[in-house]
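Top to bottom, those sequences are chains A and B.
Converting from the first sequence to our numbering requires adding 229 to each position, the first position being numbered 1.
Converting from the second sequence to our numbering requires adding 229 to each position, the first position being numbered 1.
For glycine and all other residues, C-beta sits at the position ideal for the given N, C-alpha and C.
As the structure is a prediction and not an experimental result, all values here were calculated from the model.
Read the structure below first, then the notes.
Protein chains: 2
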Amino acid sequence: MAQGTSRVVTMADVARHAGVSPATVSRALSGTRPMSPEIRSKVVEAADDLGYRVNLVGRMLRQRRSTTAGLIVPDLDNPFFSALAQHLSRTFAPSGHDLMIFSADGDLDSELRGVQSFVDRQVDALILIPCHEAESASNVSYATDSVMTIQLDRRVPGTDAHFVGCDNSHGMRLIRDHVSENVDTEAQPVIFVGGDEDSSSGKERLEGFQREFGPGHLVLSGSFDAKWGIRAANEILDHGHDAGTIVAAADVIALGVMSQLHSRGGRVPEDFRVIGFDGVGVFHLAHPTLTTVRQPVEAMSQAIVSLVAESSEERGKIEQVRLEPELLMGESSPSAA
Amino acid sequence: MAQGTSRVVTMADVARHAGVSPATVSRALSGTRPMSPEIRSKVVEAADDLGYRVNLVGRMLRQRRSTTAGLIVPDLDNPFFSALAQHLSRTFAPSGHDLMIFSADGDLDSELRGVQSFVDRQVDALILIPCHEAESASNVSYATDSVMTIQLDRRVPGTDAHFVGCDNSHGMRLIRDHVSENVDTEAQPVIFVGGDEDSSSGKERLEGFQREFGPGHLVLSGSFDAKWGIRAANEILDHGHDAGTIVAAADVIALGVMSQLHSRGGRVPEDFRVIGFDGVGVFHLAHPTLTTVRQPVEAMSQAIVSLVAESSEERGKIEQVRLEPELLMGESSPSAA
DNA sequence: CTGTTAGCGCATTCAT
DNA sequence: ATGAATGCGCTAACAG
């Protein structure tokens, strides 16, 4: 059992082995200063001769940087968040930063703990999907006070942190256009199954729905998970509806809705049309295929990585990045054909 | 814009403010040594008077520990892994450790990079779901050489790392018992849709299937995702089968299978029975509900946290923990009724 | 271009 | 029980 054997070879060892000073080793390996090629290669050779690896903690203490970015998600069980985490990992990989992920488990105290964890570990940037529109404010402030912070997908108003997210209004407009082209909304009801209204994205989608479709529609609010979708479907059917167009604030909700409609004999798309939101994660497992608004996760990830890269050069102003989603046509709603 | 303002108050500040020495502050706050209550409370007061927070990096450098555990998953898009990450986060929360998650994106190089990241950041324990049964060996070795390492769900043979996982053989036995009670396996074929055979869990489930059901069954191998399930369903139908019992090596695969069967007119459970494996994540979104083997994720998480806690006290022997799964009855297979 | 020195913040000797 | 001194490993400032 070799567990726990800590690395012993230090910069001083390499310096001795190469016959130079520790400072020279540091410069040779980090390449920050010009130096004679012979000495450099001699140092490099000595280094991997001894199997040297720079001690990141020593470097962190000295430089107060860590080549680390932190991501805090409210919940990894939500496929949209885990997909976002996955994309972000992939996008960060080629950059010099390692992305570490922390799950706040939907809890404000855990969220704070995550922020503290990352601040204490001196991450260069903190990416945060806030749990709560209002109550996460202090957590976001805590973060912005000590590290470059980017809010993702959800926004806490009144904080001086960057924001990268999707244009939810535009998404709802895409849905409205699609629906009004293909459905007689006079004859059949349009129903909104919302998510968590304490999150900015939930709120924006609700407001977007109301702006685009006008008043007088059945609007249900719940949370961003499938169980709520199941309950919402029950509410809709119990309400006496046996047909209609259901707009869900997230794919997981839409999947729950479809599953329960199906169980109780409602046909999609014949009786009910169902439209989701997010377009990443497991949504394609639905049957029938889900029509949804796809968030531009690649562009969002790229925007974040760029922000992080720029911030190490110059301390710019606070950016608010809204990226445009697109409609992804599925079988759960009729196409114009 | 207050971003980037680093914390300035240090232990020396607190010491000055309380009129004691830095060493006393250290002892008062970490509580490792006995001391007079008056001085302690005076120090504590001074500390949160100044809003002092211990600098973790300084402490890490000194103690070579970090109150951090690292988790490396192959892929966060797989709902089983993200559910596992979520459970583990929750289980670690009450312990003194913060869990950081890293996604290897299914890639051996990324996996190595993750291991290095965590080792460099001096995590106290590294939990690893290896990408590949054989080729991850060097990565696991790298980890065990410098930190207490626990393999999760998948095992690389011949390494001296702990292992926590589910008893896949037993899971397959549960499936066999269920199937033979309810289906005439002489009249209709039993088909295995496997996952990645380069992972130990994929291999064990395949072997379990073969041991339990015997030879002569159609066995397909692919990967642990829904797309493969869709392709597998096509292969099965194209093979000429119009009925049978399909055992999938994972729920995501089963969902893909069901979705595609459904699309091509196969009825579940009337024509095809479908049984999954994992029982966590989004499997309950299936329609009909999926019969599956549920991995004991809570017990697995608990076992890991216990191992980590114990390892800080004593350096025990290498543990191999196999926990028993249970059958979760759904509508995708007939129950004895 | 390279070597010497100092100090990041802390926990731990050793001395009292 | 407390204080003074040391050094974890590294890089930045200063000399040369």
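Whose Cβ in chain A lies nearer than 8 angstroms to the Cβ of Phe648/B? Because residue 648/B is not part of the residues shown, which for chain B are 230 to 566, the question remains open.
Check whether the stretch 382-394 of chain A and the stretch 542-558 of chain A are in contact - that is, three or more C-beta pairs closer than 8 angstroms. yes
With DSSP as the reference, label Thr373/A as helix, strand or coil. helix
Flag this pair as yes or no: are the beta carbons of Pro359/A and Val376/A separated by less than 7 angstroms? No, Cβ-Cβ distance for Pro359/A and Val376/A is not below 7 angstroms.
I need the straight-line Cα distance from Gly299/B to Val344/B, nearest angstrom please. Roughly 9 angstroms between the two C-alpha positions.
In the DSSP output, what is Arg509/B paired with across the bridge? The amino acid at residue 509/B is misidentified as Arg; the sequence shows Val. Residue pairing by DSSP places Val509/B in no beta bridge whatsoever.
At which residues does the alpha helix (DSSP H) containing His224/A begin and terminate? Coverage of chain A is limited to positions 230 through 566, which leaves residue 224/A absent and any answer about it impossible.
When the Cα atoms are used, what is the spatial distance from Asp353/A to Thr297/A? 6 angstroms
Can you say whether Gln292/B is buried or exposed, counting buried as having 16 or more other CB atoms within 10 angstroms of its CB? exposed
Rounded to a whole number of angstroms, what is the C-alpha to C-alpha distance between Val273/B and Ser346/B? Taking the Cα positions, Val273/B is about 34 angstroms away from Ser346/B.
Comparing alpha-carbon positions, which option in Gly458/A, Pro444/A, Asp413/A and Leu328/A lies nearest Gly473/A? Asp413/A
Pick from Ser259/A, Ser318/A and Glu560/A: whose alpha carbon is nearest that of Arg282/A? Ser259/A
So which of Ala532/A, Val243/A and Thr320/A has the shortest CA-CA distance to Ala275/A? Val243/A
Are Gln315/B and Leu403/A close, meaning C-beta to C-beta below 7 angstroms? no
In whole angstroms, what is the alpha-carbon distance linking Asn307/B and Ser452/B? 11 angstroms
Min CB distance Gln351/A to chain B below 7 angstroms: yes
CA-to-CA distance, Lys271/B to Val254/B, given in whole angstroms: The alpha-carbon separation between Val254/B and Lys271/B amounts to approximately 10 angstroms.
If I follow the unbroken beta strand (DSSP E) through Gln576/B, where does it start and stop? The structure shown does not extend to residue 576/B, since chain B is modelled only from 230 to 566, so the question has no answer here.
If you compare alpha carbons, which of His470/B, Leu357/B and Ala247/B is closest to Ile268/B? Measuring from the Cα of Ile268/B, the nearest candidate turns out to be Ala247/B.
What are the start and end residues of the alpha helix (DSSP H) that includes Asp278/B? Pro266 to Asp278
Identify the continuous beta strand (DSSP E) that holds Ala298/A and give its terminal residues. Thr297 to Val302
Between which residues of its own chain and Val448/B is the CB-CB distance below 8 angstroms, once the five residues before and five after are set aside? Ile420, Phe421, Gly423, Leu435, Phe438 and Gln439
Would you list the one or two residues that DSSP bridges to Gly473/A? Phe501/A
Using a Cβ cut-off of 7 angstroms (strictly closer), state whether Val237/B contacts chain A. no
Among Val511/B, Glu555/B, Ala257/B and Thr378/B, whose alpha-carbon lies nearest the alpha-carbon of Pro525/B? Glu555/B
Could you pull the start and end residues of the beta strand (DSSP E) that Phe392/B belongs to? His391 to Cys395
Of all the CB atoms in chain A, is at least one closer than 7 angstroms to the CB of Gly287/B? Taking 7 angstroms as the threshold, the shortest C-beta distance from Gly287/B to chain A falls below it.
What's the C-alpha gap between Asn463/B and His491/B? 11 angstroms
Given a cut-off of 7 angstroms, decide if Asp480/B and Asp507/B are closer than it, judged by their beta-carbon atoms. yes
Any idea what DSSP makes of Ser235/A, helix, strand or coil? Interpretation of Ser235/A is limited by its pLDDT of 43, a score under 50 that renders its predicted location unreliable; the figure taken from the coordinates is listed afterwards. Ser235/A falls in the coil class under three-state DSSP.
I'd like to know whether the C-beta atoms of Val486/B and Val503/B end up nearer to each other than 7 angstroms. yes
Measure from the alpha carbon of Glu560/B to the alpha carbon of each residue in Ala532/B, Asn411/B, Ser450/B and Met264/B, then state which is nearest. Asn411/B
For Asp406/A, count neighbouring C-beta atoms within 10 Å of its own C-beta (all shown protein chains included) and say buried if the count is 16 or more, exposed if not. exposed
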